[in-house]
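Data block below; observations after.
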Amino acid sequence: MNFWKKWFRDIDGSKRGDVRAEVKFGVLTFGYDSFANFREELSSQGYYETNLGDNAQSIAVRHVYRQLGIHDDQMVDINRDALPQYDGEPAILLMNGVFYSSCFPLPAAITPVFIGFHASEQVIKEQQELLRKHQPIGCRDEATTARMKKHGIDAFTTGCATLTLPRREEEPKTPKLLIVYGRNAGRLPPVVFRSIPERLLADADLIYHRFHESRFPLDAEMQREAERHEEALFARYRREATLVLTSLHHVATPCMAFGIPTIICRVRNDARFSLIEKWAPIYTPDKFEQIDWYPPAVDVSAVRADFLQAARQKIATARR
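Residue numbers for the sequence shown follow my numbering, so the first one is 2 and each next one is one higher.
Following this line, the structure appears as structure tokens:
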């Protein structure tokens, strides 16, 4: 039986035709069109840096679709940062990621599926009507879920799509610590290096999780280039890392999904980590002496299965 026919019959008991020719499935990409600070940095210094964690989410959403039997030729890239101007083919869009006021209103061609969603309270207040229309809202973290409920919007916590990435099949035999860091809120507190055991630090490698850009905003090819770079980093994590030390959400969650022991150290904690800190401590400088430098890998198989089930059900609802 055709996968889609069986899938939709399993969900709602009715037969629907093969949807492959009927609808596209959107993958959010990131052009940063509304990021005025990037324009200013490009003008003043000749480049600016983007956060590869955004591209991690694009990779993960493609994986989610494939897990649900959706083919690459059914997917269409949709720039989050020009979302209101989208005028392409009608598409179901997984709203996984961070959303700003500039991402709304959604165009008529987009049918949103709210899963892995993160937004400030201000955006939630502005978009209450839309969110109520599509409730329950699947949120990336507990803090976003709490904001939704505060405004009377039904919501639940799914985690991020990056938690659905597959566990690696083999673990490396040679010990290797990868230290992956960012900038600003995502910088790694330098004092943590005093706490790292010497035998771990001796063969450690540093990876800066930002990508230099020379044009603004990013066109489709530049967005794909950044995504390919992140894919290469994912491959390196799976191939080499026996331990990852990071300050970054979208390094921690993919590495947890890959089955890599992960330590999270930050200058300060924040709401974006309100789900994953249930599985792994968020160490701030006042707690560095408590770090377990040989932690076990986290098992996210239940979160992975729940996210995929929620995505399957919400996409089926969007097709009605």
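Note that beta-carbon positions come from the ideal geometry of N, C-alpha and C, so glycine has one too.
With respect to the 7 Å criterion, P176 and T263 are not classified as neighbours on the basis of their beta carbons. DSSP places I277 within a helical segment (H, G or I) once states are collapsed to three.
Within the same chain, and ignoring the five residues on either side of T158 in sequence, the residues whose Cβ sits closer than 7 Å to its Cβ are C140, D142, E143, T146 and L276. P106 sits exposed, since fewer than 16 C-beta atoms from the chains shown fall within 10 Å of its C-beta.
If you look at H72, you'll find it isn't in any alpha helix (DSSP H); DSSP assigns it neither H nor E. For L131, the enclosing alpha helix (DSSP H) begins and ends at Q129 to K134. In its chain, beyond the 5 residues on either side, T30 and G32 have a beta carbon closer than 6 Å to the beta carbon of N80. By the Cβ neighbour-count rule, Q224 is buried, with 16 or more other Cβ atoms within 10 Å of its own. Shown here, P286 sits in a helix according to DSSP, grouped into three states.
Rounded to the nearest angstrom, the gap between the Cα atoms of L132 and I154 is 7 Å. In the DSSP secondary-structure assignment, A156 is bridged to I138. Within the model, the alpha-carbon separation for R273 versus H250 is close to 8 Å.
In the DSSP annotation of this structure, the continuous segment of the alpha helix (DSSP H) that includes P255 starts and ends at H250 to F259.
Nearest to G47 by alpha-carbon distance, out of S215, G187 and I125, is S215.
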